[in-house]
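Engineer: Got a structure for you, questions after.
Encoded structure:
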């Protein structure tokens, strides 16, 4: 799953479902999901960060959404090619 982070004040919920439903998943973050269909949307941290899954964007192929880094690369299977531009 690919995530992209934004400052909280830069995120506006404009879809038909409105603001996401939240599930408190840790001491510092809540998972967000569509209240209509249950699709994962991302995580909303207590600090001013919102991390959204790129699959939730209508324009998911935009260059602005390309990964800049990867986490846990040492746990990646050998057949998985990581290409960051």
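Numbering (this note's numbering), first residue to last: 423 to 507. No residue lacks a Cβ here, since even glycine has one placed at the ideal position from N, Cα and C. Every value quoted in this text rests on a predicted model; they were computed, and no experiment measured them.
(1) Please state the DSSP three-state secondary structure of residue 491.
(2) Is the Cβ-Cβ distance between residue 463 and residue 447 less than 8 Å?
(3) Have a look at the DSSP bridge pairing and note the partners of residue 499.
(4) According to DSSP, simplified to helix, strand and coil, what is residue 439?
(5) Between the region 430 to 440 and the region 452 to 459, can you find at least three pairs of beta-carbon atoms closer than 8 Å?
(6) Specify the secondary structure class of residue 485 as computed by DSSP and reduced to three states.
Structural biologist: Taking the structure as given:
(1) Position 69 of the chain shown, counting from 1, holds the residue named residue 491. Secondary structure of residue 491 (DSSP, three-state): coil.
(2) Here the question's residue 463 lines up with position 41 in the chain shown. Here the question's residue 447 lines up with position 25 in the chain shown. Here residue 463 is not near residue 447, since their CB atoms are 8 Å or more apart.
(3) Position 77 of the chain shown holds residue 499. DSSP lists no partner for residue 499.
(4) By one-based count along the chain shown, residue 439 stands at place 17. Three-state result, residue 439: coil.
(5) The region 452 to 459 is in contact with the region 430 to 440.
(6) In the chain shown, counting from the first residue as 1, residue 485 sits at position 63. Residue 485 falls in the helix class under three-state DSSP.
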